[in-house]
Amino acid sequence: MSNFTPMMKQYLEVKSNYSDCIIFYRLGDFYEMFFDDAKIVSKILDLALTKRDCGGGERAPMCGIPHHVVNQYLYKLVSQGFKVAICEQVQDPKLAKGIVKREVIKLVTPGTIDEFDELATNKNNYIMSVYMDSTNLSITYSDISTSEIFCTNIFEMNRDNLISVLEEEVIRTNPSEIIINSNILKSLEKSVIKLFKNLRIIYTKVDIDHNFKSLKENNEQFYLDNLNNKILLFSIDNFYSYVCRFNVKLNDFKNVNIYELSDYLRIDANSRINLELKKNNFSNDIKGSLLSVINYTKTPMGFRLLNKWLDQPLLEIDKIVRRQSLVEELVLNSNFRNELEELLSNISDIERINSKISFGNCNGRDLIHLKNSLSSIPKMKNLFLNSNTLFSNIVSNIPETKDIYNLIDSSILEDVGILIKDGNLIKVGYDEELDLIRNNKIVGKERLIQYEVEQRNITGIKNLRLVFNKKTGYFFEVTKSYQNLVPDYFELKQTLTNANRYKTNELTIIENMIFGSEGDVVEKEYELFVAIRNTIKLNIKRLQKLSDMISFIDSIFSLSVVAFKNNYCKPTLNNEGILDIKDGRHPVIESFLSSINEFIPNDTNIGQKDNLIQIITGPNMSGKSTYIRQVALIVILAQIGSFVPASSANISIVDKIFTRIGASDNLYKGESTFMVEMKEVNNILRYATKNSLLILDEVGRGTSTFDGLSLAWAIVEYISKNIKSKTLFATHYHELIDLENIFSDIKNKHIEVIEDKENDDIVFLRKIMNGGANKSYGIEVAKLAGLPIDVINRSKNILDNIEKKEVEIEKDILKSSNETTSKVNNTIITNLSNINIEKISPIEAFGILNDLINMAKKDEN
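Heads up, the final residue of the sequence shown is numbered 1161 in our numbering, and it's a clean run with no missing numbers.
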């Protein structure tokens, strides 16, 4: 490095201080990247990779981007998880003695993007702060673009539970960046960091400040209100201290929202994925998810709130009923709903415009969008007041914003430019001084026209004309044929082939009058714009309240539209544990059908003491998975305040939903499909309560038949004896139907199938019926899937042989028992007398009998 050029030494010094960042190093009109940064950036941004001499015979890989288009490149990098440090020239190159002074003036990370136009309009961009010690966890997360902050904490939990809760919250909020305390215990650190890496979330370790300096500076009241909760204060102080490094101004943020996990329906990380709440598991896209079905919002902020509702379904019936009642008002009043839709369609993303105003990033078009949005508010108020519905009560919560509308309307041009330092911002008549400056410009241009005519008459040069050039301004151009008529006060400035160009003192005075006015106009317009923006900023709390109200109304509107269009019903709610759904439907699957009537509805009744667990048997493709998932989705919809896809529904409030669905592996964790399945089941058995809803699909199928059957049997037993959750257990193991005879809270259900024995075929009716199935129909399903007929026939022969072999085994056991001595028989009879035969299944009976025979033989020997 000692032989490197001064510039390259400066670059490497900057890089050493920001080693985890890509350095955008300003060189003239470009930002340049070097060495590994250049290799990474050139690949991601598809830039040409060149080389630059850095001294000592070395050539450094290099690529660059023009400074005036930096944002589009910068945020593409950041969106892929990179941190970027902007290293700017902070000295005029003309005044520099030696190398130009440069400093990092800005850091940009995935969670601290402050140019909100670069973000997806309808998605939150969260940064999360995590504090963990041996038994406690606190989480703070914020979307800087919407000025929201949320935080929660969990006390006195074991290590596995802490990790589980953290994973649940990370999956739920999907942050783009995480910061975590650097002093995290080594026993926790490995699991936590592995979680972040597996989810491809950028993370940074930060040191704890036990004095809470940043929190006190930014939100002293919150600090004082929560002095007794140091665990919570650690995560929010870490958040404040981290984001303040990025020049993020937190003064105008909304109040910190403290939430408890126990306030909402808990849906663990696996269940959110399995139920495809916000994206489908095939393309990882919103289409095909529950969110896509219920989203009819008209504003980006409404969509973001609906998203939050789906993340955190409610537990309090009163709060749910409030949402329900508002949805019902719109469902029953189509005219009201249609008028509201039109008004909402004219409202922009006020929430993000508010934040741009607070950050000083808004432009003239943002204010025009705000003004146009505010123009709909009086109309909305009148609509509510005239509705004679529950919505009329909302009017009192909508703040008055006429003064803000009038300010923007009187000042900002409708066709305002994007760049606020280029003029074309302020209306004529708004400011007297600005109008005078503009008048000077007009007077100057009028004088210019007069002066041209005067000089043509005075000089006698008939083709004398004024010409404008951006570099040299205005001048007279005289062709060679009229050179003899050029007066002495014409000063030669440029000689051309066929003409010469001249200036005069008067022309210079007029020119200064025009150009000076133009510069003064731009400067004055910018000054006025900043003043207007600051005036609006003083009223930002009102605008934040307004955006919250519009978000709420839009989300209610969305739920009303889906209820009306898809013929959903208003569910009754209870706290008695009963789920009673008539003609329930799967909201996502039916949305892909050409008509709602194509979907085969099913009833669900569960939750009574003698009906807590339902064993659902039937073949593949018959509809078991669809049925059990639709029950979970109906419960979730009910608890966000939505209507549900059914003819009627009485829904018990559920505290947690757990699912074990599908076959998937975690190869990056070194875990097989079956290991993943058993870990998910373990999580369910440890954390489910009697008020939870369990959706279990084909548990045990990842291992050998008898291993899997044994596990499935034991799992159902455990739920019945220890947890007593409402459980829908779909399975191919039709042997499990014997559990109904053993446990009083288990009921058998099956998917109805018609066998066409004449054509060796089956028909799925997709109806849930009482009782259990005694056959899996696997070969018949394979035939429907189109397997070659030779495979089908051979599989039937193999199945016959297996079944015959099982019969032979049973005969051998019986023969063996007949050949034993009387002592053996007596031993068997004695042991059998201690067993309640009515409480065991046939499969258990064979196993017990075999064990007793072996024990008796051993005793005889």
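For every residue, glycine included, the Cβ atom is placed at its ideal position computed from N, Cα and C.
Note that the structure is predicted; figures quoted are calculated from it, not measured.
{"Item": "Entirely enclosed alpha helix (DSSP H) segments - the region 835-905, minimum 4 residues", "Value": "840-865, 887-891"}
{"Item": "Collapsed DSSP secondary structure at N557 in the structure displayed", "Value": "strand"}
{"Item": "Integer-rounded CB distance, given that L643 should sit under 8 Å from K679", "Value": "6 Å"}
{"Item": "Of the listed residues K870, I668, N740, nearest to L707 (C-alpha basis)", "Value": "I668"}
{"Item": "Test item: CB-CB of V862 and S992 under 9 Å", "Value": "no"}
{"Item": "Burial state of L1039 (16 or more Cβ within 10 Å)", "Value": "buried"}
{"Item": "Contact under 9 Å by Cβ, L1168 with Y774", "Value": "Given a span of 301 to 1161 for the chain in the structure shown, any question on residue 1168 remains unanswerable."}
{"Item": "Beta strand (DSSP E) runs contained entirely in the region 761-830, provided each spans 3 or more residues", "Value": "765-769, 773-779, 791-795, 799-803"}
{"Item": "Alpha carbon of I836 to alpha carbon of N551, nearest angstrom", "Value": "15 Å"}
{"Item": "Three-state secondary structure assigned by DSSP to I323", "Value": "strand"}
{"Item": "DSSP three-state assignment for I1137, whether helix, strand or coil", "Value": "Residue placement at I1137 is poorly supported in this model, since its pLDDT is 46, which falls under 50; the coordinates still yield a value, given next. In this structure, I1137 counts as helix in the three-state DSSP scheme."}
{"Item": "At least three beta-carbon pairs within less than 8 Å, the region 786-804 to the region 759-769", "Value": "yes"}
{"Item": "Expected contact under 8 Å - CB spacing of N740 and D414 to nearest Å", "Value": "The Cβ separation is near 38 Å, so there is no contact."}
{"Item": "Nearest neighbour of V753, chosen from F304, L766, F603, K956 [CA to CA]", "Value": "L766"}
{"Item": "Any non-hydrogen atom of the ligand FMN within 8 Å of N874 CB", "Value": "Only the bare structure without any ligand can be found here, which leaves the ligand FMN out of the picture."}
{"Item": "Unbroken beta strand (DSSP E) run spanning C451, endpoints", "Value": "448-454"}
{"Item": "9 Å Cβ cutoff met for K793 and K803", "Value": "yes"}
{"Item": "Alpha helix (DSSP H) runs contained entirely in the region 672-713, provided each spans 4 or more residues", "Value": "677-685, 702-711"}
{"Item": "I934 to N688 span [Cα, whole Å]", "Value": "30 Å"}
{"Item": "Supposed close pair P600, D666 - CB separation, criterion 8 Å", "Value": "Between D666 and P600 the Cβ distance is about 14 Å, and since that is not below 8 Å, they are no contact."}
{"Item": "Nearest neighbour of K909, chosen from K1024, N555, G1002 [CA to CA]", "Value": "K1024"}
{"Item": "One or two residues paired with V430 in a DSSP bridge", "Value": "I439, I480"}
{"Item": "Run of the beta strand (DSSP E) containing F958, from where it starts to where it stops", "Value": "956-960"}
{"Item": "A569 - containing alpha helix (DSSP H), residue span", "Value": "569-574"}
{"Item": "Status (buried if at least 16 other CB within 10 Å, exposed otherwise) for T1005", "Value": "exposed"}
{"Item": "Assigned secondary structure, M457 (DSSP; H/G/I helix, E/B strand, else coil)", "Value": "coil"}
{"Item": "For H1050, three-class secondary structure by DSSP", "Value": "strand"}
{"Item": "Counterpart residues of D997 in DSSP-defined beta bridges", "Value": "A1030"}
{"Item": "Cβ shell of R466 (< 8 Å), same chain only, five flanking positions each side left out", "Value": "The amino acid occupying residue 466 in the given sequence is Leu; Arg does not appear at that position. So the list reads V430, M432, L437, I439, V492, L495, once near-sequence residues are dropped."}
{"Item": "Collapsed DSSP secondary structure at E1035 in the structure displayed", "Value": "helix"}
{"Item": "Residue interval of the alpha helix (DSSP H) (run including E1249)", "Value": "Past the edges of the chain, shown from 301 to 1161, lies residue 1249, and the structure says nothing about it."}
{"Item": "E732, enclosing alpha helix (DSSP H) - first and last residue", "Value": "732-759"}
{"Item": "Beta-carbon proximity list for I900, same chain, < 7 Å, skipping 5 on both sides", "Value": "R1066, K1067"}
{"Item": "For S583, the residue or residues it bridges with in DSSP", "Value": "Per DSSP, none; premise fails for S583."}
{"Item": "Coarse secondary structure for G664, derived from DSSP in three states", "Value": "helix"}
{"Item": "Nearest to K397 (by Cα), restricted to the options A420, F324, M307", "Value": "M307"}
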